[in-house]
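Chains as they are written, first to last, in our numbering: chain A, 8 to 227; chain B, 8 to 227; chain C, 8 to 227. Where is the CB? At the ideal position from N, CA and C, for every residue including glycine. Quantities reported herein were computed from a predicted structural model and do not represent experimental measurements.
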Amino acid sequence: MAANDPLSIGILVIMYFGDVVFAVSGALTAARYRMDVLGFVLIGTITGIGGGTIRDLLLGRPVWWTQDPTELILCVAAALITFFVSPGENNRRRGMVWADALGLAAFAVVGCHIALAFGAPFVVAVFMGMITATGGGLLRDVITNTQPMILCGQLYATTALVGSLTYATLAYLAVPGLMAETAAFLAAFSLRAAAIVFDIRMGPPGEFLRIGASKDSTSE
Amino acid sequence: MAANDPLSIGILVIMYFGDVVFAVSGALTAARYRMDVLGFVLIGTITGIGGGTIRDLLLGRPVWWTQDPTELILCVAAALITFFVSPGENNRRRGMVWADALGLAAFAVVGCHIALAFGAPFVVAVFMGMITATGGGLLRDVITNTQPMILCGQLYATTALVGSLTYATLAYLAVPGLMAETAAFLAAFSLRAAAIVFDIRMGPPGEFLRIGASKDSTSE
Amino acid sequence: MAANDPLSIGILVIMYFGDVVFAVSGALTAARYRMDVLGFVLIGTITGIGGGTIRDLLLGRPVWWTQDPTELILCVAAALITFFVSPGENNRRRGMVWADALGLAAFAVVGCHIALAFGAPFVVAVFMGMITATGGGLLRDVITNTQPMILCGQLYATTALVGSLTYATLAYLAVPGLMAETAAFLAAFSLRAAAIVFDIRMGPPGEFLRIGASKDSTSE
Chain A
8 MAANDPLSIG ILVIMYFGDV VFAVSGALTA ARYRMDVLGF VLIGTITGIG GGTIRDLLLG
68 RPVWWTQDPT ELILCVAAAL ITFFVSPGEN NRRRGMVWAD ALGLAAFAVV GCHIALAFGA
128 PFVVAVFMGM ITATGGGLLR DVITNTQPMI LCGQLYATTA LVGSLTYATL AYLAVPGLMA
188 ETAAFLAAFS LRAAAIVFDI RMGPPGEFLR IGASKDSTSE
Chain B
8 MAANDPLSIG ILVIMYFGDV VFAVSGALTA ARYRMDVLGF VLIGTITGIG GGTIRDLLLG
68 RPVWWTQDPT ELILCVAAAL ITFFVSPGEN NRRRGMVWAD ALGLAAFAVV GCHIALAFGA
128 PFVVAVFMGM ITATGGGLLR DVITNTQPMI LCGQLYATTA LVGSLTYATL AYLAVPGLMA
188 ETAAFLAAFS LRAAAIVFDI RMGPPGEFLR IGASKDSTSE
Chain C
8 MAANDPLSIG ILVIMYFGDV VFAVSGALTA ARYRMDVLGF VLIGTITGIG GGTIRDLLLG
68 RPVWWTQDPT ELILCVAAAL ITFFVSPGEN NRRRGMVWAD ALGLAAFAVV GCHIALAFGA
128 PFVVAVFMGM ITATGGGLLR DVITNTQPMI LCGQLYATTA LVGSLTYATL AYLAVPGLMA
188 ETAAFLAAFS LRAAAIVFDI RMGPPGEFLR IGASKDSTSE
C-alpha cells in the first residue's frame, strides 16, 4: 500500500457519515441532560471531531478542521437539526446503535490510515486508529460527567482496535488500499454487529468474555 | 483590519484583567471543594489560561505562556492571594459574576483576533473565540467533577459566541481594529449583563429561551 | 549543567520504572471499577505516559512515544499483566504507594530536565516537571470520574513541585547533571516518604498544613 494515497471515495463518504452519526449521538446525550442549543452543538461537535483532533495533536499533525472547517460545519448542522427536530429517543435508538457501529468502523480505518501516512510506527498507528474511533465519545462522556462508555464492558473500543489492527497489518503486507480498507472496515463492523446482536461483553479479571445478558449489567 | 496588528492597549489590559478574574474564579471553586493551596493554584491557573491553551493547541500555535510566563505567574499569584485572603464568598459573589462577564467578553475578542491573525478560516476563528472564553471554565469543571457550567442553560457560552462572531464579522468588513474590538466586546458584555440582570436562560428542546427564574432551575 | 546532556542511565532506569509503576496504578484503578481488559490497558497507559504527553503538547515538542513506542508498549504490557495476574489489592497496596513515590520523584526530575533542555523559561520548566509527574494520574482520575487525588490534600503534587524546583535551581546554578538529578530526586522522594510515614496533609484556607490523621479525612 502507498500510505500517501488519498482515502478512497467510499471511505470518505463513510467518514462524513461517521461525523454526522457521532454528532447526532453527542446531541442525543445533550438531550438526556436537557442542555440548551449550544450544549447540543458543543457536545455534538466534540463527539464528531474529537477523536480525530486528539489523534492529530498527538501525532503533531495540523488539526485538519482548523484549516478546512467542512466537517466542523457538518457536525454543527447535525447537532442543530437534532435540537430542533428533537427525535423521539426510543424510536431512533435502534438506528443510532447501528449507525454508530458504521462510524466506529470507518473512523478506526481512517485514523489508522492517516497515522501510517504520517509515518507513525505500526503500534502507534494501531493505537491512533482506536483513538480516532473512540476519542470523541470519550470526550463526550468526560465532559458530561458520565462513566465513559468505552470502559464499561461493551465490546466497543475492542472492535475499533480490531479494525485498526487489521488495516495496519494489511497495509504492512502491501495489500492494495481499497481492499485493505474494505477488509478492515468489515472486520470491525461485523465484530461490533455480533456484539450488538449476541450481547457480547467483556468483563473484569476472571471474566474475560461473556455472551448474553446477565443480571448485573451496570453498563450504559 | 490588518489581522496582524497587535491588540490595542485597552484589550491587553482587559486580557490581564481576565486572567486574574478567571484565576480567582477557579480558586473560589477550589475553596468550595476545600482544596489545599496547590489545588487553589492549579485550578486557578487552569481556569485562567486553559481556554487560550486549548486554542493554541488546536491552531498549532506555540502555547504562548510556555515562552513568556507572565500570565502564568499572574494566575498563580491571583490564586495564592485568594487562598490566603480567603474572602467571604457571599460578599464577593456579586462582584465575581460581573468581573467574570468582563473577562468572558475580553477573551472572546482576543481569542478570535489571535485565530484570524494566525490565518484561521472565518468559522474556525469564531469557534476559537468561544473556546478561548469558555475553555478554562470547562477544564475547571471537568477536573473538579462538576457538570460544566457552560452547558447548563446559563446564557454564557452564547455571549462568548456573540462577541466572537461580531468581531470576526467586523474584521471581515475591514472595520478598524479598535472599533471592531470595542463593538464586539460591548456586544458580548451587554448580552451577558442582560442575562444576569433579567435571568435569561436557554432551555432544552421545546424551550429555546426563557426569561426570569422558574422553579426547576437545576443549573449552577 | 549542559541541559542537552542526555539523562543519566540511573534516571532512565527509574523513568522506565515510573512508567510501569504508574501503568500498574492505573490498571488497579480500572480494577476498582471492574473494567474489562481494554479498560485496564487504556487507563494504565494513560496514567503511565499521560503526564509526559501533556508536557510535550504544551511545549510544542513531538510527543515522544508516537515516534518511539517503547514506553507505550511497556505500559500496555504492565497493564495486561495486572489484568491477568489480578493481584490481591490489599497485599500490594503498601508496595504500590512506595513505588508510586519513586515514580513521582523520577518523573518530576525528568520532566523538568526535558523542559529546560527544550529552552523553556525557569518558571515554565518547574511547572512542566510537576505536570509530568502528576498529569497521568490527573487524566486517570478525570476519565474514571473520580475527584482528582492531586487536589485532595495529600502532600503529593507538592512533592513533585519540590523535586522540579530543586532540579531547576541546581541546573540554574550549574551543578553537574548527575548530582542535580540525584539531589532533586532525593528531595522529592524523601518529602513524599515523610508525608506517607507521618501522614502530612495540606488543608483548605486556615489550615495550611496538618500532621497526623484527623477524623474528617475524606481524601483517597
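Beyond the five residues adjoining it in sequence on each side, valine 133(A) comes within less than 6 Å, by CB distance, of Ser171, Leu172 and Ala175 in the same chain, given in chain order.
Chain A places a beta carbon closer than 7 Å to that of threonine 165(B), counting this residue as a contact.
For glycine 46(B), the residues of chain C that pass the 7 Å Cβ criterion are Leu158, in the order they occur in the chain.
Leaving aside the five residues that flank valine 131(A) on each side, the residues in its chain whose CB is nearer than 7 Å to its CB run, in chain order, Ala122.
Closest in alpha carbon position to phenylalanine 192(C), among Asp206(C), Val169(C), Tyr179(C) and Ala201(C), is Val169(C). Identification of chain C residues near proline 69(A) by a Cβ-Cβ cut-off of 7 Å yields none; the smallest Cβ-Cβ distance measures about 13 Å.
Runs of the alpha helix (DSSP H) lying entirely within the stretch 62 to 128 of chain A, each at least 4 residues long, are 77 to 92 and 96 to 124 in chain order. Remark: three or more beta-carbon pairs, one from each stretch, lie closer than 8 Å, so the stretch 108 to 119 of chain C and the stretch 138 to 147 of chain C are flagged as touching. Put simply, the backbone Cα of methionine 135(C) is about 13 Å away from that of threonine 52(B). One alpha carbon belongs to alanine 194(C), the other to arginine 68(C), and they sit about 28 Å apart.
One thing to note: phenylalanine 196(C) has its Cβ no nearer than 7 Å to the Cβ of glycine 110(C). The C-alpha of threonine 36(C) is placed about 14 Å away from the C-alpha of cysteine 82(C).
Close to alanine 127(B), with beta-carbon spacing below 8 Å, lies no residue of chain C; the smallest spacing is near 18 Å. Ranked by Cα distance from alanine 201(A), the options Ala108(A), Met42(A) and Ala127(A) are led by Ala108(A).
Your pair leucine 146(C) and isoleucine 157(C) does not check out as a contact, with CB atoms roughly 11 Å apart and the cut at 8 Å. Looking at the backbone, the Cα of alanine 164(C) and that of leucine 180(A) are separated by about 47 Å. Listed along chain B are Pro211 and Pro212, each with a C-beta nearer than 8 Å to that of alanine 38(A). At a cut-off of 7 Å between C-beta atoms, leucine 66(B) counts as an interface residue with respect to chain A. Distance between phenylalanine 47(C) and glycine 126(A), taken at the CA atoms: about 28 Å. Contact of glutamine 154(A) with chain C by beta-carbon distance below 9 Å involves Tyr40, Thr151 and Asn152. The beta carbon of valine 131(C) falls within 7 Å of a beta carbon belonging to chain B, placing the residue at that interface. Contacts with chain B at 7 Å (Cβ-Cβ) include threonine 73(A). As computed with DSSP, glutamine 161(B) is found in a beta bridge with Arg208(B). Leucine 45(A) sits buried, since 16 or more C-beta atoms from the chains shown fall within 10 Å of its C-beta. Residues of the stretch 73 to 92 of chain A with a C-beta less than 9 Å from any C-beta of chain B: Thr73, Gln74, Asp75, Pro76, Leu79, Ile80, Val83, Thr89, Phe90, Phe91 and Val92, listed in chain order. Counting the other Cβ atoms within 10 Å of the Cβ of leucine 216(A) gives fewer than 16, which makes it exposed. Secondary-structure assignment with DSSP links arginine 217(B) through a beta bridge to Arg208(B). For phenylalanine 129(A), the closest alpha carbon among the candidates Arg39(C), Gly59(C), Asp75(C) and Ile21(C) is that of Asp75(C).
Of all alpha-carbon atoms in Ile218(A), Val27(A) and His120(A), the one lying nearest the alpha-carbon of glutamine 161(A) is that of Ile218(A).
Pairing proline 212(B) with tryptophan 71(B), the inter-Cα distance amounts to about 39 Å. For arginine 62(C), the number of other beta carbons within 10 angstroms of its own is at least 16, and it is reported as buried. Contact note: phenylalanine 205(A) does not reach chain C at a C-beta cutoff of 7 Å; the least C-beta distance is about 16 Å.
Per DSSP, reduced to three states, the secondary structure at tyrosine 174(B) is helical.
Listed in chain order, the non-local C-beta contacts of valine 149(A) below 8 Å within the same chain comprise Pro155, local neighbours out to five positions each way being set aside. By the CB criterion at 7 Å, tyrosine 40(C) and threonine 151(C) fall inside the cutoff. Judged by DSSP in its simplified three-state form, threonine 189(C) adopts helix.
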